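In the UniProt record's numbering, the protein residues as written are 1 to 382.
Right, here's the structure in full:
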């Protein structure tokens, strides 16, 4: 924890050594409070009389745990209370430092743990929420639900495709505009959610081991899909499908997760404009995946980097805007808080959200299962 050079020795009490869970305040040989510190925020038990000089020193010693910039809070009264009540007192210098952080710095609230502290006014215990920074970023149920809806649409699309290819129905979804539009909508949804999820997971603090594990998993699954398509349909091998595109986008959007929020939107516009401005001559296999040249052969799935990368940048821009602090009480702040705390109320929605947490496994496994079952049905009818 970063702290000031000298610790105040107060006539009315003494501050203990700062720890990640807070600072102990002692008076008369008794521990009166454990003061939990976060980004410009102090949480103390109600009734604990902590001098102003102690509060100032704590602000200078604070480490950014991901609290609400520009506020000091006290724990609400009542045994086991952990919801803070805002007090209009804060350190302007601390707020300026917080605003200098990336705009999504206050992003997903850092998970907290509750600690029991003695209180000067009441020998009983009060609970104070002390942030920790060793846990994984919080998931948003809304993101999981959107991803779940997308993967359900993928399964429905492929099932309809298989029914047509096996002549179990007369209508082939791949030969109609509606089918193409649905496929593009699904792919675009996944790319937007890719950008948004990266901001949630790595916007405040990059978790590189987790990022590279996910990236390597995506690349491995994309190559597996290419190999499987070569066995199943050698004339329409998937050379750069949606998994390849997501893996590439995950790397290319990283610079837009830092700096001004407008950079993500500027990059999205560039990604849309480049295919119109630059077109590589010929039909080159080494450059077709970029979207700047024509593909070399028919394929079962084709999602080149450009212009699809624009949607991943848009996801980054939207999520960074949602996670920007905003003015307390503003519609932006209220909408952001409501979205991040929203939970599906109906069981089917919860099931879909659960599926949204396992989209990669479902994407890889559903087609062999669905196609295998339908192939057996077609054979039995022959």
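Glycine residues also receive a C-beta, built at the ideal position from the N, C-alpha and C atoms. Predicted model, so just to flag it, every value in this text is computed and none were measured.
**OP:** Out of 156, 225 and 272, point me to the one whose CA is closest to residue 310's CA.
**Re:** 272
Original post:
Among 312, 162 and 260, which has the Cα closest to the Cα of residue 372?
Top reply: 162
**OP:** Would you mind working out which of 318, 156, 291 and 347 sits nearest residue 336, comparing C-alpha positions?
**Re:** 318
Original post:
Pick from 245, 194, 214 and 358: whose alpha carbon is nearest that of residue 152?
Top reply: 358
**OP:** Have a look at 245, 236, 301 and 290 and flag the residue whose alpha-carbon is nearest the alpha-carbon of residue 312.
**Re:** 245
Subject >> Chain-order list of residues whose beta-carbon lies under 7 Å from that of residue 321 (same chain, five-residue window excluded) >> reply: Within the same chain, residue 321 has close Cβ partners 261.
Original post:
Using the beta-carbon count (16 or more within 10 Å), is residue 304 buried or exposed?
Top reply: buried
Original post:
Should residue 315 and residue 196 be called a contact, given that it needs their Cβ atoms to be closer than 7 Å?
Top reply: yes
Original post:
With burial defined as no fewer than 16 other Cβ atoms inside 10 Å of the residue's Cβ, what is the status of residue 212: buried or exposed?
Top reply: Under this definition residue 212 is an exposed residue.
Original post:
In this structure, what does DSSP give as the bridge partners for residue 302?
Top reply: For residue 302, which the question treats as bridged, DSSP gives the partners 240.
**OP:** Would you tell me roughly how many angstroms separate the C-alpha atoms of residue 187 and residue 242, rounded to the nearest one?
**Re:** One C-alpha to the other measures close to 7 Å.
**OP:** Rounded to whole angstroms, what's the CA-CA distance from residue 173 to residue 164? Just pull it up for me.
**Re:** For residue 173 and residue 164, the distance between alpha carbons rounds to 7 Å.
Original post:
Which residues mark the beginning and the end of the alpha helix (DSSP H) in which residue 157 is found?
Top reply: Element bounds for residue 157: 141-165.
Original post:
Among the residues of its own chain, which have a CB less than 8 Å from the CB of residue 146, if the five just before and after it don't count?
Top reply: Hits under 8 Å: 189, 193 and 356.
**OP:** Could you check what DSSP says for residue 233 in three-state terms: helix, strand or coil?
**Re:** Taken through DSSP and simplified to helix, strand or coil, residue 233 comes out as coil.
**OP:** For the alpha helix (DSSP H) holding residue 194, just list the boundary residues, first then last.
**Re:** 177-202
Original post:
Smallest Cα separation from residue 202: which of 179, 175 and 256?
Top reply: 256
Subject >> DSSP three-state assignment for residue 354, whether helix, strand or coil >> reply: helix
Subject >> Check whether residue 238 and residue 250 have beta carbons under 7 Å apart >> reply: no
**OP:** Please report how far the alpha carbon of residue 258 lies from the alpha carbon of residue 205, in whole angstroms.
**Re:** 10 Å
Original post:
If we call anything under 7 Å between Cβ atoms a contact, is residue 240 one with residue 308?
Top reply: no
Subject >> Own chain partners of residue 343 with C-beta closer than 6 Å, once the 5 adjacent residues on each side are dropped >> reply: 141
Original post:
By how many angstroms is the C-alpha of residue 158 removed from the C-alpha of residue 349?
Top reply: 22 Å
**OP:** Buried or exposed for residue 367, please, with buried defined as at least 16 other CB atoms from any protein chain shown within 10 angstroms of its CB.
**Re:** buried
**OP:** Compute the beta-carbon to beta-carbon distance between residue 292 and residue 269, rounded to the nearest angstrom, for a pair I have assumed lies under 8 Å.
**Re:** Not confirmed; about 16 Å, so no contact.
Original post:
Which word fits residue 200, buried or exposed, when buried means at least 16 other C-beta atoms lie within 10 angstroms of its C-beta?
Top reply: buried
Original post:
Can the beta-carbon of residue 236 be found closer than 7 Å to that of residue 281?
Top reply: no
**OP:** Would you mind reading off the limits of the alpha helix (DSSP H) that contains residue 343?
**Re:** Note, residue 343: premise wrong, no alpha helix (DSSP H); not H, not E.
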